[in-house]
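Read top to bottom, the protein sequences are chains A and B. Quick note: the first sequence, position 25, residue 25 per the numbering used here, numbers continuous. Count along the second sequence from 1, add 790, and you get the number used in the numbering used here. Just so you know, even glycine gets a beta-carbon here, dropped at the ideal spot from N, CA and C.
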Amino acid sequence: MTMARASRWAIALWAGALVGCAIVIARTEFTADMSAFLPRSPTPVQQILVQQLRDGVVSRLILIAVDGGTPAALAQTSMRMAAELRKHPAEFAAVNNGEDSALDLDREFLWRNRYLLSPAVAPGHFSAPALRDALEENLQLIGSPAGALLRRILPQDPTGELLRLIAQFEGVARPEVREGVWFSPDGSRALLVAQTRAAGYDIDAQERALNLIRAAFAGGGAAATSAGQQLLVSGPGVFSVNSRARIKADALRFSVIATALVAGLLLVLYRSPRVLLLGLVPVASGVLAGVAAVSIGFGTVHGITLGFGVTLIGEAVDYAIYLFTQITPGTPPADSLAQIWPTLRLGLLTSICGFAAMLLSGFPGLGQLGLFSIAGLVAAVLVTRFVLPVLLPPGFTVRAATGLGPGVTALAASARRLRWPLIAVTVVCIMLLSAQRSQLWSDDLASLSPIAASERTLDEQLRRDIGAPDVRYLVVVDAADADAALAGSEKVAAHLDAAVAQSRLAGFESPAAYLPSSAAQRARQAAIPAPAVLRENLREAQRGLPFRAGLFEPFVRDAAAAATQAPLQRASLDGTALALKVDSLLVKRTASATTAGGWTAMLPLRGVVDAAALERDLKNPSDHAGVLIDLRRESDALYQSYRSEIVTYSLIGAVAIVLLLLVSLRSLRRVAAVLSPLAAAVIVTLCLLLASGNALTIFHIVGLLLVVAVGSNYALFFEREAADAGQRERTLVSLLFANVTTLIGFGLLAFSKVPLLHAIGGTVAIGAFLSLVFSAVLIGRPRAALARPA
Amino acid sequence: MFVFALAAGGAAVAAETPVWDIEQLMQGLSKVPAAKGKFVERKYLAMLTAPLDSSGTLVYTAPGRLEKNTLAPKPERLVLDQDKLTLEYPDRGQRRVLALQNYPVVWAFVESIRSTLAGDYQTLNRFYRASVAGGEEQWRLSLKPVDPKMQAVVQEIRIGGSHNRVRTIEILETQGDRSVMTITEDGP
Numbered sequence: 001m002t003m004a005r006a007s008r009w010a011i012a013l014w015a016g017a018l019v020g021c022a023i024v025i026a027r028t029e030f031t032a033d034m035s036a037f038l039p040r041s042p043t044p045v046q047q048i049l050v051q052q053l054r055d056g057v058v059s060r061l062i063l064i065a066v067d068g069g070t071p072a073a074l075a076q077t078s079m080r081m082a083a084e085l086r087k088h089p090a091e092f093a094a095v096n097n098g099e100d101s102a103l104d105l106d107r108e109f110l111w112r113n114r115y116l117l118s119p120a121v122a123p124g125h126f127s128a129p130a131l132r133d134a135l136e137e138n139l140q141l142i143g144s145p146a147g148a149l150l151r152r153i154l155p156q157d158p159t160g161e162l163l164r165l166i167a168q169f170e171g172v173a174r175p176e177v178r179e180g181v182w183f184s185p186d187g188s189r190a191l192l193v194a195q196t197r198a199a200g201y202d203i204d205a206q207e208r209a210l211n212l213i214r215a216a217f218a219g220g221g222a223a224a225t226s227a228g229q230q231l232l233v234s235g236p237g238v239f240s241v242n243s244r245a246r247i248k249a250d251a252l253r254f255s256v257i258a259t260a261l262v263a264g265l266l267l268v269l270y271r272s273p274r275v276l277l278l279g280l281v282p283v284a285s286g287v288l289a290g291v292a293a294v295s296i297g298f299g300t301v302h303g304i305t306l307g308f309g310v311t312l313i314g315e316a317v318d319y320a321i322y323l324f325t326q327i328t329p330g331t332p333p334a335d336s337l338a339q340i341w342p343t344l345r346l347g348l349l350t351s352i353c354g355f356a357a358m359l360l361s362g363f364p365g366l367g368q369l370g371l372f373s374i375a376g377l378v379a380a381v382l383v384t385r386f387v388l389p390v391l392l393p394p395g396f397t398v399r400a401a402t403g404l405g406p407g408v409t410a411l412a413a414s415a416r417r418l419r420w421p422l423i424a425v426t427v428v429c430i431m432l433l434s435a436q437r438s439q440l441w442s443d444d445l446a447s448l449s450p451i452a453a454s455e456r457t458l459d460e461q462l463r464r465d466i467g468a469p470d471v472r473y474l475v476v477v478d479a480a481d482a483d484a485a486l487a488g489s490e491k492v493a494a495h496l497d498a499a500v501a502q503s504r505l506a507g508f509e510s511p512a513a514y515l516p517s518s519a520a521q522r523a524r525q526a527a528i529p530a531p532a533v534l535r536e537n538l539r540e541a542q543r544g545l546p547f548r549a550g551l552f553e554p555f556v557r558d559a560a561a562a563a564t565q566a567p568l569q570r571a572s573l574d575g576t577a578l579a580l581k582v583d584s585l586l587v588k589r590t591a592s593a594t595t596a597g598g599w600t601a602m603l604p605l606r607g608v609v610d611a612a613a614l615e616r617d618l619k620n621p622s623d624h625a626g627v628l629i630d631l632r633r634e635s636d637a638l639y640q641s642y643r644s645e646i647v648t649y650s651l652i653g654a655v656a657i658v659l660l661l662l663v664s665l666r667s668l669r670r671v672a673a674v675l676s677p678l679a680a681a682v683i684v685t686l687c688l689l690l691a692s693g694n695a696l697t698i699f700h701i702v703g704l705l706l707v708v709a710v711g712s713n714y715a716l717f718f719e720r721e722a723a724d725a726g727q728r729e730r731t732l733v734s735l736l737f738a739n740v741t742t743l744i745g746f747g748l749l750a751f752s753k754v755p756l757l758h759a760i761g762g763t764v765a766i767g768a769f770l771s772l773v774f775s776a777v778l779i780g781r782p783r784a785a786l787a788r789p790a
Numbered sequence: 791m792f793v794f795a796l797a798a799g800g801a802a803v804a805a806e807t808p809v810w811d812i813e814q815l816m817q818g819l820s821k822v823p824a825a826k827g828k829f830v831e832r833k834y835l836a837m838l839t840a841p842l843d844s845s846g847t848l849v850y851t852a853p854g855r856l857e858k859n860t861l862a863p864k865p866e867r868l869v870l871d872q873d874k875l876t877l878e879y880p881d882r883g884q885r886r887v888l889a890l891q892n893y894p895v896v897w898a899f900v901e902s903i904r905s906t907l908a909g910d911y912q913t914l915n916r917f918y919r920a921s922v923a924g925g926e927e928q929w930r931l932s933l934k935p936v937d938p939k940m941q942a943v944v945q946e947i948r949i950g951g952s953h954n955r956v957r958t959i960e961i962l963e964t965q966g967d968r969s970v971m972t973i974t975e976d977g978p
């Protein structure tokens, strides 16, 4: 009766655990945050960039393009959409399409604050000789085509601070204006930029924003569509929304297909609906346990993890297949299980070694997949071991499709003949791989991105159109607070101005250009003479020039007001497009394990001629203000460090598997026998991947590790001494079906558009299949040796 | 009396047409491939106590290039080519290039002259309501801006000429400032 009591406990524990998992899952937050697949522990600079990608202004920008149709019609759509979107201030912080209304606000801000913003305002700038120069220049300028406009502002701004500010920002690339709105350089697309209030990772909010954009576009109804116009959107938020939709669709579709295929296989194999249901029990338990474990371990469950769950369907069902196939009439299920349990357990442990390498890697995303698989497999094995035998009715036998047995056995026996050809193929593959050693790897960090290549292309195109060229170099200034970061930017800007003057640099942007540090603002205020002095200087400067007396009295008034006005704050920029600039160039750092909290100013550089010289300038120890960052170098370094990390963990995983085999099998010869087909499978898989035009990414490495982890199950069963010919035949059949289900799980993922799932799925499907075949070839025994040796 | 013929050949307007109108003026102007001449300009500006005089040369090449070289009182060079306006002030070593699309008012200004010289009625109509008075021998083209921004600056631009030659350009601004440019063509 202890047996029965133990069974009851097993069932109760199982049921309790399932309820627990269900409760955890019900409270789980599912995400599609793309940064989960970006590095977790990069350098502080990289951390800033990743943080920007997650919730910075950059993550809130949606690039919108309308193409197809005449420029006039496109401009009309652009204006209509902008007006419509501006009606939703709760969703959009700003909508820019180049219309003057938005630009006017910027000009207005520059105009009102010209004396605080202009770097030219310094002691002596309003002296009589300096004013004289300015007035002579103006006398010439007021006659030019722009003169009519200049005459409007001349009495208030004789030193031309507004023009200086506008010229300063002119070098900054911006879209072309046609028909009053932004257009791509070729005039084929009208462009808009919307800034959402919600961060890029808030996918629900991003989706609402996207729906509003689509509605605003369709709002014109027949007009827009009849003109053949097409809406294009891009940006981090769009990626997140699309990825989530795609992962959702993939995960759902693949789960349904995988379940149907596996169920169909079970039905064909056992011709019993009851066996089918029993076979799915470990699978369902494993999936629930996996999701619950990730939810507890990571706080959220990534959509990609669910997509990866498909593989668990194919893996977890194997254990039930091994069990069912081993059951022979007259032997209780628990006894049949006891016979294969050591092999099953060892197979599980090797799989865990493989997935543990993912768990330890620097990718939070991969870590989720690892934890999910480990928890899922452990749950599935435990359910197969302790729950499934209890659920089987007494005297349960399964009628496996025995017709396959002899054929499979014969095939396996004859596979031996391929031993030498296989060794030859493997050697050739090794030679090919070593010949191509230098070009095995994809060096592009983008290859890790879960964003589809077509989306990336569109994004690059729109970014180019909008005049936001890819930033490669930027100077980063870290400081304790925003004002100190701005002051640091001003110091850096002095160096950069010198570099621009020497033509070593085409230009740069700085947040301090739009929001000077309070020290700079105070210095500029101090440089403005008292009204009486300024009037006297003007009188002297005007002598002999035809300007009317008292013409510049408005200037005296404005200058006096500027000298005493409250300094500009970040809030002073609200409502202008410049606010967006400042927010993207001056960001708050959240404190983390490796960096203190504070503020970071970023100064993107254009047209860098000599990066090394710039770096030396900035490293000048007397005022160590900023650090030059080469983003390409950073991202390359990031990718390299990532790759070596994954390779290291994969090697550790592989070593762990070998040690595990050594401890369990206690024989070098047997370990070598188990490993040889796996090694051959990994090598040939690598060759096949390269031959089909893949550059290897770290996801392929992970896939190869899983080939070893999963394939070792087959090799172990092959290597295992069979009690009799019947058991060997049953083992072969169960291996064949276990392999087919694995192929179903991983093979389906190879059809996913998510690069990670595609790479791992394809690699494991090929590798697992080869592992089985190679195990038959290299470990298979001749028919005569099938009986237990004496 | 200055006479400035922008056309080297001076192609005659079809004589059989009974009524001479703006379309014909434009058509005649559009046949001029290139022209070169001197200008004298006088500006009456409210902010100055005396008028501002300047002089220099003009070079036009059909259909889109116009060069204005001011020689006195200070050198200044304006080059209008397609959609770019280059301003150069040699004695200050300054040079600026404006994309006209970004400066609608400046664009309207330069287009009043360029489109007239090119006989580009379509472009002219985009910026101005154009009407013509007088006859082929002595015509006066009146341009009134359509864009409110331009209306705020310019009241009317009057261009006077004879056949396909432009002789005077007068700009009347809303706030009372005005300028008159008189053009003399170089000998053929």
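- Here A:ALA715 carries a helix assignment [DSSP, helix/strand/coil].
- Looking at the DSSP output, A:ASP630 sits in a beta bridge with A:TYR473.
- Scanning chain A for C-beta atoms nearer than 7 Å to the C-beta of B:ASN892 yields VAL177, reported in chain order.
- Per the DSSP secondary-structure output, B:LEU868 pairs in a beta bridge with B:LYS858 and B:LEU877.
- 7 Å or more divides the Cβ of A:PHE355 from the Cβ of A:LEU748.
- At a cut-off of 7 Å between beta carbons, A:LEU131 makes no contact with chain B.
- For A:ALA357, no CB of chain B lies under 7 Å from its own CB, so it is not counted at the interface with that chain.
- For the alpha helix (DSSP H) assignment, the uninterrupted runs of no fewer than 4 residues enclosed by the stretch 122-150 of chain A are, from N- to C-terminal side, 128-141.
- Excluding its 5 nearest sequence neighbours in each direction, A:PRO529 has C-beta neighbours in its own chain below 6 Å: PHE126, listed in chain order.
- By the rule that beta-carbons nearer than 7 Å mark a contact, B:VAL922 does not touch chain A.
- Taking the CA atoms as reference points, B:MET816 sits about 35 Å from B:PRO880.
- Assigned with DSSP and collapsed to three states, A:VAL262 falls in helix.
- When C-beta distances to chain B are compared with 8 Å, the residues of the stretch 153-169 of chain A below that value are LEU154, PRO155 and ALA167, in chain order.
- The Cβ of A:ALA146 sits closer than 7 Å to at least one Cβ of chain B.
- With a threshold of 7 Å between beta carbons, B:GLU963 makes contact with chain A.
- Within its own chain, the residues whose Cβ lies closer than 7 Å to the Cβ of B:LYS939, once the five positions on either side in sequence are excluded, are PRO894 and VAL895, listed in chain order.
- Contact annotation for A:GLY143 against chain B: GLU831, LYS833, LEU835, LEU842, SER844, THR860, GLU866 and SER969 [CB-CB distance below 9 Å, chain order].
- Judged by DSSP in its simplified three-state form, A:ILE64 adopts strand.
- Assigned with DSSP and collapsed to three states, A:VAL492 falls in helix.
- The continuous alpha helix (DSSP H) containing A:TRP341 extends over residues 333-360.
- Spatial neighbours of B:GLU963 in its own chain (CB-CB distance under 8 Å, excluding positions within 5 residues in sequence) are listed in chain order as VAL943, VAL944 and GLN945.
- A:ALA72 is not a Cβ neighbour of A:GLN195, given a cutoff of 7 Å.
- When the beta-carbon positions are compared, A:LEU614 and A:LEU628 come within less than 7 Å of each other.
- Counting along the chain, the unbroken alpha helix (DSSP H) around A:PHE555 starts and ends at 553-564.
- Nearest C-alpha to A:SER692 among A:SER78, A:ALA549, A:GLY180 and A:ALA759: A:ALA759.
- For A:LEU704, the nearest beta carbon of chain B is not closer than 7 Å to its own beta carbon.
- Rounded to whole angstroms, the gap between the alpha carbons of B:SER905 and B:LEU842 is 26 Å.
- Taking a contact as a CB-CB distance under 8 Å, the pair A:ARG730 and A:GLN326 counts as one, their CB atoms being some 6 Å apart.
- Contact annotation for B:THR839 against chain A: PRO546, PHE547 and ARG548 [CB-CB distance below 8 Å, chain order].
- Just measuring C-alpha positions, the residue of A:ALA560, A:LEU660 and A:ARG132 sitting nearest A:LEU116 is A:ALA560.
- Closer than 7 Å to the CB of B:VAL869 there is not a single CB belonging to chain A.
- By the CB criterion at 7 Å, A:THR350 and A:LEU736 fall outside the cutoff.
- Non-local C-beta neighbours of A:GLU29 in its own chain, meaning closer than 7 Å and more than five positions away in sequence, comprise THR300, ordered along the chain.
- Restricting attention to A:ARG385, A:ALA120, A:GLN461 and A:GLU207, the CA atom closest to the CA of A:ASP186 is found in A:GLN461.
- As computed with DSSP, A:GLN230 is found in a beta bridge with A:ASP67.
- Our two residues, A:PRO123 and A:ALA493, have alpha carbons roughly 19 Å apart in a direct line.
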